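Each remark here refers to the structure printed beneath this line.
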Amino acid sequence: MEAPDEQLMLAYRDGDAGAFETLYRRHRGALYRFVLRGVKNRATAEELYQEIWIRVIEARARYKPQARFTTWLYTIAHNRMVDHWRKKEIAAIPLEENLSTSAVLNPARQAEGREALARLARAIDELPHVQREAFLLHEEGGLTISEIAVATGAGEEAAKSRLRYAMAKLKAAVDDG
Amino acid sequence: MAESEHDPKVSSRYRELGREEPPAEIDAAILAASRRAAEVHPAPLVAPSGRRRWYFPVAAAAIIVLAAAVTFHMDRERPEPDMPVAAAPEPVKTPGSKPSEVERKASRAEAPRRERGTDDARKPGAYGFAPEPPTQTAETQRPAPAPAPAARSEVRAARLMAQAESPERTLERIAELRRQGRHEEADQALKEFRKRYPDYKIPEAMLQKVEKK
Chain Z
1 MEAPDEQLML
11 AYRDGDAGAF
21 ETLYRRHRGA
31 LYRFVLRGVK
41 NRATAEELYQ
51 EIWIRVIEAR
61 ARYKPQARFT
71 TWLYTIAHNR
81 MVDHWRKKEI
91 AAIPLEENLS
101 TSAVLNPARQ
111 AEGREALARL
121 ARAIDELPHV
131 QREAFLLHEE
141 GGLTISEIAV
151 ATGAGEEAAK
161 SRLRYAMAKL
171 KAAVDDG
Chain S
1001 MAESEHDPKV
1011 SSRYRELGRE
1021 EPPAEIDAAI
1031 LAASRRAAEV
1041 HPAPLVAPSG
1051 RRRWYFPVAA
1061 AAIIVLAAAV
1071 TFHMDRERPE
1081 PDMPVAAAPE
1091 PVKTPGSKPS
1101 EVERKASRAE
1111 APRRERGTDD
1121 ARKPGAYGFA
1131 PEPPTQTAET
1141 QRPAPAPAPA
1151 ARSEVRAARL
1161 MAQAESPERT
1171 LERIAELRRQ
1181 GRHEEADQAL
1191 KEFRKRYPDY
1201 KIPEAMLQKV
1211 EKK
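First to last, the protein sequences are chains Z and S. Going by this note's numbering, the first residue of the first sequence is number 1, and it counts up by one from there. Going by this note's numbering, the first residue of the second sequence is number 1001, and it counts up by one from there.
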């Protein structure tokens, strides 16, 4: 049985570097996609992604397993991305590439509904950033509504509303085909 | 989670979009940073538990004891500030007798006080608190003062001498001035004596010798 995240983080706090590596490998992909699809720029995403993990490392002494490690991790990620959005004034973020298009153009997936995936990718890009964030926290981080509320500092009702609106738009995009 | 906030079809389609992952060099950089950090244990923000629980109380107690000891030691070493020597019980003393223990202590106490310098010491003319108080030995080694103005020099010399002498000796010196007819100097010395030793009760016999008739 695998050690829970919280136990690994406590072990790392006490000096066990191997515990961090296990933890990192467990969450690296989801966190990376959360950041990448949140900022929609690969270079920026890579920079933010590193900074988030560095903050996790630096904050290890303050870590207390009062909530799920994932909630704590994505709270740090959210805060870092808010800083980024404030600096960039959100609207100025260029769409470097349609990240999902590359996936859609994968020949192996073309047969599975190229148009539907393209619509979904566009719909995610077009979501207001708070709704996109709520959706990504749910899909990538596996956070519940109350955990999304904690991670984003929003009320539970606001988090629920954001996720509901996001899901409705994305469902419409998927169903259109 | 309520059904309205979750849609399996959307989730399923979302998974098909791709599984981007961070580049290997970023993984390596983060893991290297984590290993470096693990080698440096940060100080705990919460009090240690278990066997290390007693560290903080013992350290705090040691600091308090040390501070108290230093303070107590300093208090013992510090001479009584501005305590008139004559306030001590007046010893019966004959001329030429050796100074009593009280006088010796007072004399020792006087020296560091003069070195420290007090507000009185900075007042010109303050009796017995001149900046460079000589001991008897120092006085004998010092070159003779300039002859003029003679009266002022003698008054100053009297003050300097008074710093190192007992009240009884000062009174004897005033009496001597009186005998020599140097009443002005005797009056000034007596005035300064009373200023310095307000509680000193001059014996009747001595009073007749030092006061102007």
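All C-beta atoms in this analysis are idealised placements derived from N, C-alpha and C, irrespective of residue type, glycine included. This structure is a prediction, so every number in the text was calculated from the model and none was measured.
Asked	Found
Within 8 angstroms of chain Z by C-beta, residues of the region 1008-1021 of chain S in sequence order	Lys1009, Val1010, Ser1011, Arg1013, Tyr1014, Glu1016, Leu1017, Gly1018, Arg1019, Glu1020 and Glu1021
Members of the region 116-130 of chain Z that neighbour chain B once the beta carbon cut-off is set at 7 angstroms	In summary, chain B is missing from the structure at hand, where the protein chains are Z and S.
Classification of S/Lys1191 by the beta-carbon crowding that lies within 10 angstroms, buried from 16 upward	exposed
Per-residue burial, S/Val1058 [other beta carbons within 10 Å of its own, 16 or more giving buried]	exposed
Which of helix, strand or coil DSSP assigns to S/Tyr1014	helix
Interface positions of the region 1020-1037 of chain S facing chain Z (Cβ-Cβ less than 8 angstroms), listed along the chain	Glu1020, Glu1021, Pro1022, Pro1023, Ile1026, Asp1027, Ala1029, Ile1030, Leu1031, Ala1033, Ser1034, Arg1035 and Ala1037
S/Arg1019 to Z/Val150 span [Cα, whole Å]	26 angstroms
S/Glu1185 to S/Ile1064 span [Cα, whole Å]	55 angstroms
Z/Thr70 vs Z/Leu143 beta-carbon contact at 8 angstroms	yes
Member of S/Lys1212, S/Arg1194, S/Ala1069 and S/Ala1033 whose CA lies at the smallest distance from the CA of Z/Ala17	S/Ala1033
For S/Arg1178 and S/Pro1167, the rounded distance between their alpha carbons	16 angstroms
Contact under 8 angstroms by Cβ, Z/His84 with Z/Leu48	yes
Z/Asp175, enclosing alpha helix (DSSP H) - first and last residue	Glu156 to Asp175
When S/Glu1016, S/Glu1211, S/Arg1035 and S/Glu1077 are compared against S/Ala1189, the one with the closest alpha-carbon	S/Glu1211
Helix, strand or coil at S/Glu1021 according to DSSP, with G and I counted as helix	coil
Limits of the alpha helix (DSSP H) - the one that S/His1006 falls within	Unbroken run through S/His1006: none, as it is neither H nor E.
Coarse secondary structure for S/Pro1167, derived from DSSP in three states	helix
Residues near S/Asp1187 in its chain [Cβ-Cβ closer than 8 angstroms; skip 5 each side]	Lys1212
Z/Arg114 to Z/Ala45 span [Cα, whole Å]	26 angstroms
Below-8 angstroms beta-carbon distance, S/Glu1077 vs any chain Z residue	no
Neighbour flag for Z/Arg114 against chain S, beta carbons, 8 angstroms	no
Closest residue to Z/Leu170 among Z/Ile52, Z/Val39 and Z/Asp125 (Cα-Cα distance)	Z/Asp125
Inter-residue CB distance, Z/Asp5 and Z/Leu23 (contact presumed, cutoff 8 angstroms)	6 angstroms
The alpha helix (DSSP H) enclosing S/Asp1199, as first and last residue numbers	Taken as a continuous stretch (DSSP letters only), S/Asp1199 belongs to no alpha helix (DSSP H), as it is neither H nor E.
Distance CB(Z/Ala168)-CB(Z/Ile145) smaller than 8 angstroms	no
Z/Val39 classed as buried or exposed, judged by whether at least 16 other C-beta atoms fall within 10 angstroms	buried
Three-way DSSP call (helix, strand, coil) for Z/Tyr32 in this model	helix
Contact set between Z/Ile76 and chain S, taken where Cβ atoms lie within less than 8 angstroms	What Z/Ile76 touches in chain S: nothing, since even the nearest Cβ is about 13 angstroms away.
Among Z/Glu156, Z/Val35, Z/Met9 and Z/Ala3, nearest to Z/Leu136 - alpha-carbon criterion	Z/Val35
Neighbourhood of Z/Asp176 by C-beta, 7 angstroms cutoff - its chain only, sequence neighbours within 5 removed	Arg119
Alpha-carbon to alpha-carbon, Z/Ala67 and S/Pro1022	26 angstroms
8 angstroms Cβ shell around S/Arg1036 - same chain, five flanking residues per side excluded	none
DSSP three-state assignment for S/Leu1177, whether helix, strand or coil	helix
Residue-level contact to chain S via CB, Z/Leu170, 8 angstroms cutoff	yes
Below-8 angstroms beta-carbon distance, Z/Met9 vs any chain S residue	no
DSSP state of Z/Val39 mapped onto helix, strand, coil	helix
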